[in-house]
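Scroll down for the structure; my scribbles are underneath it.
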Amino acid sequence: PGDISKTFSLEILGDQYPEANEQVLVTVSDPVGATLLRSNAFGTILNDDAPRTQEVVINRGERQRSVIDEVTVRFDSEIEFDETDGPAFQIRTRDGQANVNFSRTISQVDGETAVRFRFESGPSVDERGNSTATLADGEYELLVLGSRISIGGISLDGDQDGAAGGDYRFADAFFRNYG
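Counting with our numbering, you get residues 11 to 189 for the letters of the sequence shown.
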């Protein structure tokens, strides 16, 4: 008696899948000893999951490695980029001697992001007569800087340990031979 408000808690069962913030409708009915001014209220469940790199696809999934003209990185959510302090992505030779110049196309579909890289003139790039640039023979590394990619302010889980933070490195299957 005499209370004009009540606070209650809801248990939220977490997961490790980034999703948009969600709205929840709370309905109160049949109060005892009180009159409701309104019976419905909305609350927001904030996403607390870090985005992840889902896969890296070389040459649209083709198995051959005599020509590499495209690399696509897929993320499990619609990510945001903060490149005020530098690029979010680097492609370089695995020995770190040369950075590869590239252009990128970003698409966001069905709650996921895909970033497609095409190579441009510069170190470690062969230019073909048909205006297609391809990586030169060698071993490469794709680096995704976790601090520059986020969803709702939560940084990429680059090292995929279930917590935000860390950079993502793709190197083991990233090579071109016998081009």
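The beta carbon of each residue, even a glycine, is placed where N, CA and C say it ideally should be.
Computed from a predicted model, the values in this text were never measured in an experiment.
In chain order, what residues of the same chain have a beta carbon less than 7 angstroms from the beta carbon of residue i, not counting five sequence neighbours either side?
i     : result
Arg75 : Phe185, Arg186 and Asn187
Nearest to residue i by alpha carbon, out of the options?
i      : options                          : result
Asn111 : Val42, Phe127, Asp147 and Ile55  : Phe127
Thr123 : Leu145, Asp136, Phe91 and Ala183 : Phe91
Ile116 : Glu88, Glu21, Glu149 and Gln170  : Glu88
Ile22  : Gly106, Ala183, Asp86 and Leu56  : Leu56
Gln118 : Gln170, Gly106, Gly148 and Arg84 : Arg84
Following the continuous beta strand (DSSP E) through residue i, name the residue where it begins and the one where it ends.
i      : result
Leu35  : Glu32 to Thr37
Asp233 : Here the chain has residues from 11 to 189 only, and residue 233 is not among them.
Thr115 : Phe112 to Val119
Gly162 : No beta strand (DSSP E) contains Gly162, which DSSP labels as neither H nor E.
Thr82  : Glu80 to Phe85
Phe8   : Any answer about residue 8 is impossible in this case: the structure gives the chain only from 11 up to 189.
Phe180 : Tyr178 to Phe180
Ile68  : Thr63 to Ile68
Does the distance from the C-beta atom of residue i to that of residue j stay below 7 angstroms?
i      : j      : result
Ile164 : Ala98  : no
Arg104 : Glu151 : yes
Glu130 : Ala143 : yes
Arg179 : Leu153 : yes
Leaving out the 5 sequence neighbours to the left and right, which residues in its chain are closer than 6 angstroms to residue i when beta-carbon positions are compared?
i     : result
Val67 : Thr82
Identify, in the order they occur along the chain, each residue of the same chain with its Cβ nearer than 8 angstroms to the Cβ of residue i, setting aside the five sequence neighbours on each side.
i      : result
Val135 : Val110, Asn111, Phe129, Ala143, Thr144, Leu145 and Ala146
Quiz item: Between the segment 39 to 56 and the segment 163 to 181, are three or more C-beta pairs nearer than 8 angstroms?
Solution: Here the segment 39 to 56 makes no contact with the segment 163 to 181; the two share fewer than three CB pairs at distances below 8 angstroms.
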